[in-house]
Amino acid sequence: MASRKAPKNRDSGNKYSVLLPTYNERENLPLIVWLLVKYFGESGYNYEIIVIDDGSPDGTLEVAEQLQKIYGEDKIVLRPRAKKLGLGTAYIHGMKHATGNFVIIMDADLSHHPKFIPEFIEKQKEGDYDLVSGTRYRGNGGVYGWDLRRKLISRGANFLAQVLLRPGASDLTGSFRLYKKKVLESLVGRCVSKGYVFQMEMIVRARQLNYTIGEVPISFVDRVYGESKLGGNEIVSYAKGLLTLFATT
Amino acid sequence: MTKLLQWLFGVAVVLAVWALVSFDLLDLSLPRPYREAAWPMPLYLLVSLGCYSLATVGYRVATFNDCEEAAKELQEQIKEAREDLRKKGLKM
Ligand SMILES: Nc1nc2c(ncn2[C@@H]2O[C@H](COP(=O)(O)OP(=O)(O)OP(=O)(O)O)[C@@H](O)[C@H]2O)c(=O)[nH]1
Ligand SMILES: [Mg+2]
């Protein structure tokens with residue numbers, strides 16, 4: 001067993017609740033859970049994984065139940081909802097059931113690798129940050145599987161947001177973050193946006209409320225399995241959301 | 001103050017200074033060359049802001065890391081995970 005280093009972090013009194021919203025992630029869920037268990041096991045932090053499935057037709061919930069049997073009900077917590085109600089409310093729903101004093105939000109599609117979580121946690125401790133955000137745009141951060149067009153849109157959109165909003169964080173639309181639970185609670189209640197803009201609003205509000213933000217470079221690997229659910233007129237809704245934040249915050 | 005107001009305030013200040021100098025609104029009797037230099041300034045400013053933006057975005061696109069290693073590592077871990085999960089009795 002690889003628990004030699006474990007006691008050091010286990011007794012810290014901190015607990016980390018990972019929120020995993022899923023919609024049609026039958027392929028990905030077991031893999032992400034396996035990776036989470038691996039890296040939390042190695043680093044020894046106390047944790048729980050909260051799966052919020054929105055009635056996925058592909059049977060994600062059934063797979064989640066199997067995982068719960070394998071890893072235990074204290075580690076895998078299921079908080080399903082009957083139908084697809086969106087990502088923003090999924091976070092709120094999951095957060096209500098979180099028992100940790102820290103909450104980690106990430107996608108379940110393997111774009112966000114659990115190996116970064118110990119880095120998030122160390123970063124948080126380093127400056128007692130209220131939130132730690134993963135960033136694709138700094139240091140060793142980056143992406144995999146993006147063509148030039150997507151890189152251009154991403155960089156352009158981010159530059160525009162940086163100029164207009166000056167948010168004090170380099171990755172506004174990323175959704176791989178660690179929050180103090182109290183901070184997340186106070187932020188989520190104030191945010192009204194949907195989709196990508198929701199993540200951006202969280203950072204902007206955090207700055208307004210003078211919360212401190214730490215950053216950790218992450219590599220973002222495009223989903224291997226399953227289909228993208230956000231899409232279509234992403235750019236239009238992004239622009240609208242950005243302008244709304246520009247005019248109101 | 002919202003970001004929009006901050007921007008409007010900034011733009012208003014720049015425009016006011018520009019108008020004061022190029023039209024000599026305060027009757028400071030500034031020398032002509034000053035006024036002539038000030039007159040096309042807003043245009044220069046816009047153009048250089050545009051160039052700066054294009055250059056910055058271009059540079060950032062060009063230096064956007066491609067995480068080949070991370071993708072490879074993930075693929076291997078997926079294989080390992082599959083095997084281990086099967087052993088633990090997961091039916092996929
Ligand atoms: N519970 C719940 N989860 C959702 C919903 N929509 C998306 N998700 C999950 O939220 C995470 C992010 O969604 P993605 O579809 O990956 O969005 P994206 O990362 O912008 O797009 P791609 O990675 O290109 O597909 C994934 O884990 C999804 O399964 C929803 O309505 N309810
Ligand atoms: Mg994704």
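These protein sequence lines map, in sequence, to chains A and B.
Each residue of the first sequence is one higher than the one before, starting from 1 at the first, in UniProt numbering.
Each residue of the second sequence is one higher than the one before, starting from 1 at the first, in UniProt numbering.
Where a beta carbon is used, it is the ideal one built from N, C-alpha and C, also for glycine.
Item                                                                                                                                                                         : Value
Which value, in whole angstroms, describes the spacing of the CA atoms of GLY189 (chain A) and MET95 (chain A)?                                                              : 11 Å
Residues of chain B with CB under 7 Å from SER219 (chain A), in chain order?                                                                                                 : CYS67, ALA70
Taking Cβ-Cβ distances shorter than 8 Å, what residues in chain A pair up with LEU90 (chain B)?                                                                              : PRO30, VAL63, GLN66, LEU67, ILE70
My output table needs one value for LYS151 (chain A): the three-state DSSP class, helix, strand or coil.                                                                     : helix
Using DSSP's beta-bridge definition, name the partner residues of VAL18 (chain A).                                                                                           : A:ILE49, A:ILE104
Indicate whether the contact test is met: 3 or more Cβ pairs, each with one atom in the segment 33–43 of chain B and one in the segment 183–198 of chain A, closer than 8 Å. : no
What number of angstroms, rounded off, separates the C-alpha of GLY168 (chain A) from the C-alpha of LEU31 (chain A)?                                                        : 33 Å
If you check the beta carbons only, do GLY100 (chain A) and ASN14 (chain A) fall under 9 Å apart?                                                                            : yes
Can you tell me the Cβ-Cβ gap for VAL51 (chain A) and ILE76 (chain A), rounded? I've got them flagged as a contact below 8 Å.                                                : 7 Å
For a test of your reading of the model: does the CB of ASP66 (chain B) fall under 8 Å from any non-hydrogen atom of ligand 2? Yes or no.                                    : no
Can you look up VAL221 (chain A) in the DSSP assignment and give me helix, strand or coil?                                                                                   : strand
From the beta carbon of SER154 (chain A), is the nearest beta carbon of chain B less than 9 Å away?                                                                          : yes
Starting from LEU131 (chain A) and walking both ways along the beta strand (DSSP E), at which residues does that stretch end?                                                : 131–135
What is the residue span of the beta strand (DSSP E) that LEU78 (chain A) lies within?                                                                                       : 76–78
Does ligand 2 have a heavy atom nearer than 8 Å to the CB of SER43 (chain A)?                                                                                                : no
Give me the DSSP bridge partner(s) of ILE213 (chain A).                                                                                                                      : A:LEU131
Can you tell me where the alpha helix (DSSP H) with GLY195 (chain A) in it begins and where it stops?                                                                        : 195–208
Residues of chain B with a CB under 7 Å from the CB of ALA247 (chain A): which are they?                                                                                     : THR2, LEU4
Exposed or buried, ILE235 (chain A), counting other C-beta atoms within 10 Å across all chains shown (16 or more means buried)?                                              : exposed
Mind checking GLY10 (chain B): buried by the 16 CB within 10 Å criterion, or exposed?                                                                                        : exposed
Check the Cβ of PHE159 (chain A) against every Cβ in chain B and list those closer than 8 Å, keeping chain order.                                                            : SER53, THR56, VAL57, ARG60
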